[in-house]
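What follows is a set of notes on a single structure, which appears directly below.
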Amino acid sequence: MADFTYLSPEWVEEARKRLTERLTPEKMNRITSSMTNIYKNCPDGKERYMYVAIENGNIATFEVGEGEPPKAEFKIIADYETFAKISRAELGAVRALTSRKLTLRGNMAKALRLAPTVDKLNKVLASIPADY
């Protein structure tokens, strides 16, 4: 049995803690950016978002919610299951994008340059034991 339910308040708190502890500004290449993932077809029928803001390589904001998400440099839309596979490190973000499992709104060239950094973030999320 996993310790957390994916996207629950407890999972978010654990994710925020791990991201802050494990991703130094140097590991994050001191980037400043933000992204909102829009989760379609969640198991409970709702739509959710996960918003991440990074300032000079530091995780400034990490939140999950319902309704209108915060404005972000990148907006990524996919089914819940696609994001869950990415968060479990079963699917890479670039592969999901190139296979059209993700829809990206924002500068595609910049998104591809930032992909290795986002993969670091996803690896930390994959380390959280969770029920999906």
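Numbered by this note's numbering, the letters in the sequence shown go through residues 4 to 135 in order. Glycine included, every Cβ here is placed at the ideal spot set by N, Cα and C.
- Under the DSSP definition of a beta bridge, residue 86 lacks any partner.
- Taking residue 113 as reference, the option from 54, 87, 78 and 24 with the minimal CA-CA separation is 78.
- Just measuring C-alpha positions, the residue of 62, 29 and 54 sitting nearest residue 74 is 54.
- Between residue 31 and residue 60, the CB-CB gap stays under 7 Å.
- Inclusion of residue 83 and residue 52 in the CB contact set at 7 Å is not warranted, their separation being larger than that value.
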